[in-house]
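Start counting at 1 in the sequence shown, then tack on 179, and there's your number in our numbering. In this text, a Cβ means the ideal position worked out from N, Cα and C, and glycines have one as well.
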Amino acid sequence: MADGIMGISVIAQDWKGFVLGGRARVKGNHMSVEWAELDALIKGITMACSYNFDKIIFESDCVSLVNCVRKNQEDITILGHKIKDTRGMLEIFTSAEVKWIGRNRNKMADSLYNLALSNHCNLTFGMEYPSDIHDCIIPDSL
């Protein structure tokens, strides 16, 4: 988050770490980190469906969201209801896991978000991507 501007970024990789595509979206409204990360997870699920993945691992550096998704406890808040709906979305995959990763392992997504923020735009790319996106994702994927 920068100056009250929130955003998300999602990267799709195969099991070898090859980048298949991604997106970054800048949002002008204020939201909690959990809501932003949940939005990113939902976008990731949508992207995984478009690639016809059946076994998938979603990674997030938001430990509170990962715990809420994994523990499957009843939560009567609006966020809890949305997390429950998101868990249902995961059932379409043969195997789906949501894992916590340290912030230092999330540099590719952060770089992509910062690129979108600095250009004041939303980004979507597939396997053939422009050099500015290439510069964000290649160093972290090696």
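Going along the chain, which residues of its own chain have a beta-carbon closer than 7 Å to the beta-carbon of residue i, five neighbours each way excluded?
i: Met-180; result: Because Met-180 sits at a pLDDT of 48, beneath the cut-off of 50, its placement in the model cannot be relied upon, and the following sentence gives the value as read from the coordinates. Correct list: empty, nothing qualifies.
i: Tyr-230; result: Ala-191, Leu-199
i: Ala-215; result: Met-185, Ile-187
i: Val-311; result: Rather than Val, the amino acid found at residue 311 in this sequence is Asp. Cβ neighbours of Asp-311 beyond the five flanking positions: Leu-294.
Between the options, which has its C-alpha nearest residue i's C-alpha?
i: Phe-304; options: Leu-199, Ile-187, Gly-186, Asp-193; result: Leu-199
i: Thr-225; options: Phe-272, Ile-255, Asp-193; result: Phe-272
i: Trp-194; options: Asn-298, Ala-215, Phe-232, Met-185; result: Phe-232
i: Thr-265; options: Arg-282, Cys-247, Ile-280; result: Cys-247
i: Asn-283; options: Cys-241, Ser-297, Thr-256; result: Cys-241
i: Lys-206; options: Leu-296, Glu-307, His-313; result: Leu-296
i: Gly-132; options: Glu-213, Met-210, Ile-235, His-260; result: It is not possible to answer for residue 132, since the shown part of the chain is limited to 180 through 321.
i: Ser-290; options: Met-210, Asn-251, Asp-314, Gln-252; result: Asp-314
i: Lys-222; options: Tyr-308, Glu-307, His-299, Gly-201; result: Gly-201
i: Ser-211; options: Gln-252, Ile-257, Lys-250, Asn-251; result: Ile-257
i: Glu-213; options: Gln-252, Gly-259, Asn-301; result: Gly-259
Excluding sequence positions up to five away, which residues of its chain have a Cβ less than 8 Å from the Cβ of residue i?
i: Leu-220; result: Phe-237, Ser-239, Leu-244, Val-248, Thr-265, Val-277
i: Cys-228; result: Ile-271
i: Ile-262; result: Leu-217, Leu-244, Cys-247, Val-248, Asp-254
i: Glu-307; result: none
i: Cys-300; result: Val-205
i: Gly-267; result: none
Going along the chain, which residues of its own chain have a beta-carbon closer than 6 Å to the beta-carbon of residue i, five neighbours each way excluded?
i: Ala-288; result: Ser-188, Ile-190
i: Tyr-292; result: Gly-186, Ser-188, Ala-203
i: Trp-279; result: Val-242, Val-245
i: Leu-269; result: Ala-275
i: Asn-285; result: Asp-240
Which full runs of the beta strand (DSSP E) of 3+ residues lie inside the segment 281-309, going along the chain?
302-304
Checklist entry - At what residue ranges does the segment 230-269 contain a whole run of the alpha helix (DSSP H), taking only runs of 4 or more? => result 242-250, 257-269
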